[in-house]
Amino acid sequence: MTSFFYNPKKAVTLYFTEITNKNLKYMSLAISQVPVAFNEPVRNYAPGSAEIKSLISTYKKMWKNKVEIPMIIDGKEVKTNEKVSLHSPQDHQHTLGYYHKGTKKHVDDAIKSCLAARENWANLPWEQRASIFLKAADLLAGPYRDKINAATMIGQSKNVYQAEIDSACEAIDFLRFNVEFMTELYSEQPISADGIWNRAEYRPLEGFTYAITPFNFTAIALNLPTSMALMGNVVVWKPSATQIYSAKVIMDILIEAGLPAGVINMVFSGGAETSKQILEHPDFAGIHFTGSTEVFQSLWKQIGENIHKYKTYPRIVGETGGKDFVIAHPSSVPSQVATALVRGSFEYQGQKCSAASRAYVPKSLWSDIKKIMGDQLSEIKMGSPEDPKNFVNAVIDKASFDKCKGYIDRAKKSKEAKVIFGGKCDDKKGWFVEPTVIETTNPHYESMEQEIFGPILTLYVYEDKDWHKTLKLVDETSPYALTGAVFAQDRYAINEATKALENAAGNFYINDKPTGAVVGQQPFGGARASGTNDKAGSKMNLLRWVSARSIKENFLSPTDYKYPFLG
Ligand code: NAD
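Mapped onto the numbering used here, the consecutive letters of the sequence shown carry residue numbers 27 to 593.
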């Protein structure tokens, strides 16, 4: 302290600074190995098992308790005067509680909190960051497993199994694998010539980052902000209004795992207003988005318009819509095709970005496939996820219900289409839409081309001799390119489809349904109108959240400007 005059306030401040050791940074004295990542085993939830009893009892308790969900800004709970009620898709009259809606001021506070936290977070040794997210994975796998699954079942209407593979297993996998991928990335180092040492440093982006997440996967809601934070970035996270119920559990886990204040700030403000404000900020450094193509394109346009305002070119990563296909070859096995269509189109009510929503079936196999699909669909039960026997639950909200009903009603009236299975919609208690199959004679019928995001599959029967033409049709029908599947026993046909559909899907399946990508096994993402294909749950994605710095050190620095050629 250099002050001449004793200032007790200053002295106290200085003392405080010293004991909090903000300036004393622990540097790692080892090249640590992280625990080897593995895919979290999926629980079975067999009828009568202890697992299912425990999960359903948690569901029932949570259903009765009203929650109040604040935003989290700078590590503090922030409540506002605008409380918005939360309802469950399976019972729209039942109030689950409230969330506190934020305003422009809260978004401002979240940005400030990010910028204040940035230095300490970016300078924290990577092992310390990794520990937080590995701990979060273990909290999810153990003490929080029932809670996150029940929250996803209640708030997003997923059945037991769909909740388990998403909010438990995939979320845990993202956390564990990303830590491993981070160390692989950090280990990528350049070669060094004689007398010099070259190093690569993977700096976090300069500024703050922005995560906008969709309703349909709790795991995506967790992954988008945490993958950026893991790499040393600070984040404003705006979850979907229809996923806030499980977003709160995610935030509780991250805080319990030791995430410092300000690193991830969760705001509940309107998507368009929040984005406008954030995308105008000079310190905005990157966006991690998952949601519809239309919203992503509007965000990209805004970034373009604001490009001159930023300190650095922002990273833009978006995983967006799909119109995912299944094409069956005349050599395929009807029971395999039918099962893939039933599971791939109707699990989670078709609200997976990867859900099969258009199918191409050869005439020679159609009656067999149709019979098996009909038998399977007739067994499927629809209702609340509280009863584990229900395979199909409700769609997310009224807007989705109305959209699905619109497509079904138009198909019922169309000359080119016929509803061959399902078609009933019931919104008395919840937003229930029966698994519906539309058969069309027009391969460009509206529901063959447009993303509906509901339990509706449209199917076109082609002449067997038109296999080649049909491959071209599959490739050219939709602007999207997310997932797709071919079913065939004929290896030449498999090879041909793999080549012809090379750009039609970022995740391509052979003799399997097009959903259910597993972290570390099938990195996920599509191109064309389906996104930037930065493959969530892979090293490719983490690379987007760092800005590499090359460091060259010369051990024998030259002392004469003359090169040998000068003599
Ligand atoms: P959505 O686009 O309606 O919403 C996504 C997020 O964007 C939400 O947080 C929402 O609040 C926000 N948002 C909405 N309007 C906005 C605006 N004008 N400006 C900024 N933000 C805005 O999508 P959704 O209904 O939550 O999710 C379904 C969509 O997500 C589907 O199109 C689906 O294909 C896509 N999706 C894609 C993937 C993938 O990996 N490709 C994964 C999951 C979902």
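Here a beta-carbon is modelled for each residue, glycine too, at the ideal position from N, C-alpha and C.
These numbers come from a predicted model, not from an experiment.
Residue i to residue j span [Cα, whole Å]
i, j, result
"residue 35", "residue 287", "Model confidence at residue 35 stands at a pLDDT of 40, short of 50, so the residue's coordinates are unreliable; what they give is reported in the following sentence. Rounded to whole angstroms, residue 35 to residue 287 spans 25 Å at the Cα level."
"residue 257", "residue 243", "22 Å"
"residue 277", "residue 466", "45 Å"
"residue 473", "residue 573", "42 Å"
"residue 160", "residue 201", "6 Å"
"residue 380", "residue 223", "46 Å"
"residue 479", "residue 376", "6 Å"
"residue 262", "residue 60", "27 Å"
"residue 517", "residue 494", "15 Å"
"residue 581", "residue 218", "11 Å"
"residue 209", "residue 235", "21 Å"
"residue 132", "residue 300", "10 Å"
"residue 484", "residue 393", "16 Å"
"residue 396", "residue 447", "10 Å"
"residue 231", "residue 162", "23 Å"
"residue 309", "residue 110", "31 Å"
"residue 552", "residue 344", "10 Å"
"residue 391", "residue 398", "11 Å"
"residue 515", "residue 418", "31 Å"
"residue 279", "residue 486", "46 Å"
"residue 70", "residue 542", "16 Å"
"residue 315", "residue 583", "46 Å"
"residue 105", "residue 135", "13 Å"
"residue 332", "residue 98", "28 Å"
"residue 530", "residue 520", "15 Å"
"residue 94", "residue 137", "24 Å"
Exposure label - residue i; buried when at least 16 CB within 10 Å
i, result
"residue 389", "exposed"
"residue 87", "exposed"
"residue 363", "buried"
"residue 592", "exposed"
"residue 13", "Because the chain in this structure spans residues 27 to 593, residue 13 falls outside the shown range and cannot be described."
"residue 402", "buried"
"residue 55", "exposed"
"residue 291", "buried"
"residue 586", "exposed"
"residue 294", "buried"
"residue 204", "buried"
"residue 425", "exposed"
As assigned by DSSP and simplified to three states, the class of residue i
i, result
"residue 274", "helix"
"residue 476", "coil"
"residue 249", "helix"
"residue 542", "coil"
"residue 33", "Residue placement at residue 33 is flagged as unreliable, the pLDDT there being 40, under the threshold of 50; the coordinate-derived value follows with that caveat. Coil."
"residue 46", "Reliability of the predicted coordinates at residue 46 is poor, the pLDDT of 47 falling under 50, and no value is obtained from them."
"residue 228", "strand"
"residue 285", "coil"
"residue 547", "coil"
"residue 557", "strand"
"residue 621", "Residue coverage of the chain in this structure runs from 27 to 593, which leaves residue 621 outside it and unanswerable."
"residue 117", "strand"
"residue 83", "helix"
"residue 591", "helix"
"residue 110", "strand"
"residue 242", "coil"
"residue 235", "strand"
"residue 156", "helix"
"residue 419", "coil"
"residue 571", "coil"
Near the ligand FAD: residue i beta-carbon under 7 Å from a heavy atom
i, result
"residue 365", "Of the ligands one can find in the structure shown, namely the ligand NAD, none is the ligand FAD."
Candidates the options, of which the one nearest residue i by Cα
i, options, result
"residue 227", "151, 221, 270", "151"
"residue 216", "225, 365, 262, 63", "225"
"residue 352", "323, 303, 497", "497"
"residue 427", "452, 441, 361, 365", "452"
"residue 535", "545, 554, 513", "513"
"residue 338", "312, 324, 346", "312"
"residue 184", "463, 134, 82", "82"
"residue 176", "118, 79, 207, 136", "79"
"residue 272", "255, 182, 196", "182"
"residue 120", "560, 455, 409, 462", "455"
"residue 369", "304, 532, 511, 334", "511"
"residue 415", "407, 462, 440", "407"
"residue 179", "116, 65, 557, 354", "116"
"residue 559", "509, 578, 579", "509"
**Asked** Could you give the uninterrupted runs of the alpha helix (DSSP H) lying entirely in the stretch 302 to 387, keeping only those of 4 residues or more?
**Response** 319 to 331, 360 to 372
**Request:** List in chain order: all unbroken alpha helix (DSSP H) runs of 4+ residues lying wholly within the stretch 163 to 203.
**Result:** 171 to 182, 186 to 189
**Asked** For the stretch 439 to 483, which segments carrying the alpha helix (DSSP H) assignment without a break, of at least 4 residues, lie completely within its bounds, in sequence order?
**Response** 472 to 475
**Item:** Residue ranges of each alpha helix (DSSP H) within the stretch 475 to 530, 4 or longer
**Value:** 493 to 503, 517 to 526
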